[in-house]
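Just below is one structure, and these are the notes that go with it.
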Amino acid sequence: MSFGMSTLQAAILFLMTMKSKPAVFGSRLIGDYMENLKSVFAYFLPSCRADQVLSQALVAPVVLELAISKVGEKEVAWGLELSQRSLAVAKSKFSYLDSFPDMEVLKSLELLMLQLLVRMSGHDADVGLSESMRAMAYKAVRMDVYFESIVQGIRETQGLWTKEILDSLDISIERQNISQLVMMLALVFDDAVKDFFEGCLAEKELLLEESLVSKRRLVEELIEGGSSMGSEVVEAFKSNLGVEPDRFYTAIIISSARAASKANKYTQRAIGELISNSSLVHLPQADGAWLWIATGTPPLKKQISNLTTSLKSAEIGIYCLGETVRGIEGFRRSHVQARALLEVGKQYSVGRVLQWPTHAATAIFIRNKELTDWFVKSTLGELASTDQKIESYRETLKSYLLSGNSLLHAAESLGIHRNTVVYRLQAVEDILGKPIKEFDFSLSCALTLLDLKPRD
Numbered sequence: 001m002s003f004g005m006s007t008l009q010a011a012i013l014f015l016m017t018m019k020s021k022p023a024v025f026g027s028r029l030i031g032d033y034m035e036n037l038k039s040v041f042a043y044f045l046p047s048c049r050a051d052q053v054l055s056q057a058l059v060a061p062v063v064l065e066l067a068i069s070k071v072g073e074k075e076v077a078w079g080l081e082l083s084q085r086s087l088a089v090a091k092s093k094f095s096y097l098d099s100f101p102d103m104e105v106l107k108s109l110e111l112l113m114l115q116l117l118v119r120m121s122g123h124d125a126d127v128g129l130s131e132s133m134r135a136m137a138y139k140a141v142r143m144d145v146y147f148e149s150i151v152q153g154i155r156e157t158q159g160l161w162t163k164e165i166l167d168s169l170d171i172s173i174e175r176q177n178i179s180q181l182v183m184m185l186a187l188v189f190d191d192a193v194k195d196f197f198e199g200c201l202a203e204k205e206l207l208l209e210e211s212l213v214s215k216r217r218l219v220e221e222l223i224e225g226g227s228s229m230g231s232e233v234v235e236a237f238k239s240n241l242g243v244e245p246d247r248f249y250t251a252i253i254i255s256s257a258r259a260a261s262k263a264n265k266y267t268q269r270a271i272g273e274l275i276s277n278s279s280l281v282h283l284p285q286a287d288g289a290w291l292w293i294a295t296g297t298p299p300l301k302k303q304i305s306n307l308t309t310s311l312k313s314a315e316i317g318i319y320c321l322g323e324t325v326r327g328i329e330g331f332r333r334s335h336v337q338a339r340a341l342l343e344v345g346k347q348y349s350v351g352r353v354l355q356w357p358t359h360a361a362t363a364i365f366i367r368n369k370e371l372t373d374w375f376v377k378s379t380l381g382e383l384a385s386t387d388q389k390i391e392s393y394r395e396t397l398k399s400y401l402l403s404g405n406s407l408l409h410a411a412e413s414l415g416i417h418r419n420t421v422v423y424r425l426q427a428v429e430d431i432l433g434k435p436i437k438e439f440d441f442s443l444s445c446a447l448t449l450l451d452l453k454p455r456d
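Heads up: the sequence shown is residues 1 to 456, going by the UniProt record's numbering.
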């Protein structure tokens with residue numbers, strides 16, 4: 001914005017010498033300042049008959065009548081003419097205004113001017129400017145017009161009007177009113193920017209909520225198996241989730257009741273750093289989030305390993321990862337797996353990060369606690385005892401199975417002699433009633449389930 005040099009110098013000089021009367025800030029100016037400003041209205045004269053200008057006004061008749069009753073016909077007509085000139089200036093500077101009808105922009109400028117004049121007259125009546133700013137905010141957000149661009153336009157108008165108003169005055173006579181005029185202009189324009197900003201925020205929140213509702217509805221239908229994989233579902237998948245259906249998906253469920261936002265941000269940052277060329281589907285939940293890592297090819301085992309290591313170090317929340325599967329069905333399958341793991345993580349102390357298929361058997365078995373207990377007892381028998389000697393047998397058996405049935409590796413991992421391992425395994429077979437090699441995966445599964453400890 002630019003002022004005429006003589007006007008600007010006079011304004012600065014007055015503001016520097018204005019010490020006996022402190023400026024009043026707030027939603028409006030009060031007292032003698034308001035009375036003093038009325039004197040400047042004598043300078044506000046339209047270029048033609050007032051009734052001709054008023055007849056072309058776009059604001060509602062009731063608003064126009066309100067402004068005239070507070071300010072006067074000639075003054076309002078002068079303001080409307082300045083609004084019209086401002087439209088041409090704004091259109092030449094800001095291309096985004098091409099997205100708005102001229103009459104709509106002009107109406108907002110008229111309301112802004114009428115609000116300024118009414119305030120200058122000493123009244124605080126609302127002419128509908130706030131509603132107009134919020135309506136413009138609604139359209140700006142829907143059309144992806146940058147907030148900063150419109151605010152810049154509003155501030156440019158403030159500069160133009162400040163210059164026009166000050167240049168119209170006889171500075172030698174109205175010198176004492178300059179600071180109040182500048183302040184009044186700033187307050188009215190600040191209110192306009194505030195209303196526009198609040199309108200943008202409200203509309204963005206509404207759009208986000210609408211988008212979130214659509215995402216949730218689609219995802220829930222897919223997860224529950226209620227959606228067939230027709231062309232409509234594929235298109236909805238792309239438009240609502242922003243990813244291609246045929247990518248590889250790795251689902252992650254975050255559960256962190258006390259620090260959901262922190263856990264969420266940490267996870268997203270870790271994914272961005274550790275898994276290259278990936279995009280993310282994110283669905284916030286009350287106590288965490290549902291995430292899907294989308295990649296063109298399956299992530300490397302090392303990448304997933306690095307990610308799980310990073311998540312373990314976060315020390316907040318529980319993280320459940322499904323396997324990587326391709327397509328919309330893979331999107332569903334990986335999430336269902338992660339959700340099953342979450343039940344394990346919530347009920348038992350099994351660490352912060354659970355992966356499929358590592359914890360798959362546990363997730364499947366715990367769906368029915370009674371059946372799980374029966375399975376453990378029937379498989380292990382006396383080996384499920386809490387006797388200290390029996391516990392040493394169990395630990396030896398677990399090490400033996402984890403080492404791929406290697407006596408040497410089992411002995412090394414336990415720090416005992418190989419013969420001790422042989423002795424204990426013989427005792428295990430005596431308890432079980434048959435050789436260990438005759439058991440299938442059920443033996444490892446029963447040992448894992450027996451070790452589950454309820455989460456505090």
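Just so you know, even glycine gets a beta-carbon here, dropped at the ideal spot from N, CA and C.
Less than 8 angstroms separates the beta-carbon of Gln303 from that of Ile275.
According to DSSP, residue pairing for Trp292 in a beta bridge involves Ala251 and Val281. Contact between Val71 and Phe41 is confirmed by a C-beta separation of about 7 angstroms, below the 8 angstroms threshold. Taking the CA atoms as reference points, Ala251 sits about 26 angstroms from Lys453. Rounded to the nearest whole angstrom, the C-alpha separation of Val89 and Ile154 is 12 angstroms. Gln84 is the residue among Met113, Val118 and Gln84 whose C-alpha sits nearest the C-alpha of Asp102. By the neighbour-count criterion, in which a residue is buried when 16 or more other Cβ atoms sit within 10 angstroms of its Cβ, Asp191 is buried. Cβ-Cβ distances below 7 angstroms link Ala125 to Leu66, Lys70 and Val118 in the same chain, with the five nearest sequence neighbours on each side left out; the list follows chain order. Between the region 266-281 and the region 343-362, the count of C-beta pairs closer than 8 angstroms stays below three; the two stretches do not touch.
In the three-state scheme derived from DSSP, where H, G and I count as helix and E and B as strand, Arg326 is classed as strand. Counting the other CB atoms within 10 Å of its CB gives Gln56 a total below 16, which places it among the exposed residues. The three-state reading of DSSP puts Tyr43 in helix, counting H, G and I together. Gln426: member of the alpha helix (DSSP H) spanning Arg418 to Leu432, first to last residue.
Shortest Cα-Cα distance from Met136 to any of Glu391, Glu104, Lys38 and Ala446 involves Glu104. For Gly317, same chain residues with a beta-carbon under 8 angstroms away, outside a window of 5 residues either side, are Ile254, Ser255, Ser256, Ala259, Ala260, Ala263, Gly288 and Arg352 in chain order. Rounded to the nearest whole angstrom, the C-alpha separation of Arg339 and Ile293 is 15 angstroms. In this structure, the straight-line span from the alpha carbon of Trp161 to that of Leu82 is close to 8 angstroms. According to the DSSP assignment, Leu354 belongs to the beta strand (DSSP E) that extends over Val353 to Gln355. Here the C-alpha atom of Leu114 lies approximately 58 angstroms from the C-alpha atom of Leu311. The criterion of a C-beta distance shorter than 8 angstroms is not satisfied by Ser385 and Ser399. In this structure, the CA atom of Ser403 is about 23 angstroms from the CA atom of Gly381.
Taking a 10 Å sphere around the C-beta of Thr297, we find fewer than 16 other C-beta atoms and assign the residue as exposed.
Every unbroken stretch of the alpha helix (DSSP H) spanning 4 or more residues and falling wholly within the region 331-394 is given here in chain order: 360-365 and 369-380.
The distance from the Cβ of Phe248 to that of Thr324 is about 5 angstroms, consistent with a contact at the 8 angstroms cut-off. Of the residues assessed, Thr396 falls on the buried side of the cut-off, its CB having 16 or more other CB atoms within 10 angstroms. Assigned with DSSP and collapsed to three states, Ile178 falls in helix. Counting of Cβ neighbours within 10 angstroms places His417 among the exposed residues, the total staying below 16. Taking all protein chains shown into account, Thr372 has 16 or more neighbouring C-beta atoms within 10 Å of its C-beta and is therefore buried. In terms of Cβ geometry, Val219 and Leu300 do not form a close pair [threshold 8 angstroms]. Counting only runs of 4 or more residues that sit fully inside the region 44-81, the alpha helix (DSSP H) segments are 50-55 and 61-70, in chain order. In the DSSP annotation of this structure, the continuous segment of the alpha helix (DSSP H) that includes Asp451 starts and ends at Ser442 to Asp451.
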